[in-house]
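This report refers to the structure that appears directly beneath it.
The following block contains the structure:
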């Protein structure tokens, strides 16, 4: 077991600020680009706790988690190493502030997302907006 390499667990949070849009952070460290607030799950922490912590650290927002949307596990989703992320849908109020390892922060509508996006976050957001319109059927594995 000592030599075994496992994927690293992470979380990402899609934070909606009412009708204003989705909160994204501009990464200060590689890989650069815009990303959902998120990060690694610490030992002894649940994915829900990690999502709340990461959202607060990166945006200054105390979020309300609505649900788990989906998990993404493509070994190439993070160019640094294999990660598995659990994505949460959340809401918040207030004004986001860049914190932790964020270079900047912004609120964006579906039709005006920034570029480039880091990791697989463009795909996650496409799935999210489709999920909001069409429901859970978006994530059928064999359909």
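Numbering (our numbering), first residue to last: 850 to 992.
Every residue gets a Cβ at the ideal spot worked out from N, C-alpha and C, and that includes glycine.
Query	Result
Inside the stretch 877–941 only - alpha helix (DSSP H) runs reaching at least 4 residues	896–908
Per-residue DSSP class, three states only, for residue 859	strand
Contact check, residue 886 vs residue 907, beta carbons under 7 Å	yes
Buried/exposed call for residue 915, threshold 16 Cβ in 10 Å	exposed
Close Cβ partners of residue 894 (< 8 Å) along its chain, the five nearest in sequence each way excluded	902
Residues of its chain near residue 905, where Cβ-Cβ distance is below 7 Å and the 5 sequence neighbours each way are ignored	911
Whether residue 952 touches residue 875 by CB criterion (7 Å)	yes
Buried versus exposed call for residue 939 [16 or more other C-beta atoms within 10 Å across all chains shown]	buried
Residue range of the alpha helix (DSSP H) that includes residue 978	970–983
Residue 867 burial status per 10 Å Cβ neighbour count (16 or more: buried)	exposed
Residue 926 beta carbon less than 7 Å from that of residue 891	no
Contact check, residue 937 vs residue 872, beta carbons under 7 Å	no
Run of the beta strand (DSSP E) containing residue 951, from where it starts to where it stops	951–957
Residue 960 classed as buried or exposed, judged by whether at least 16 other C-beta atoms fall within 10 angstroms	exposed
Beta-carbon separation (whole angstroms), residue 888 vs residue 859, contact threshold 8 Å	6 Å
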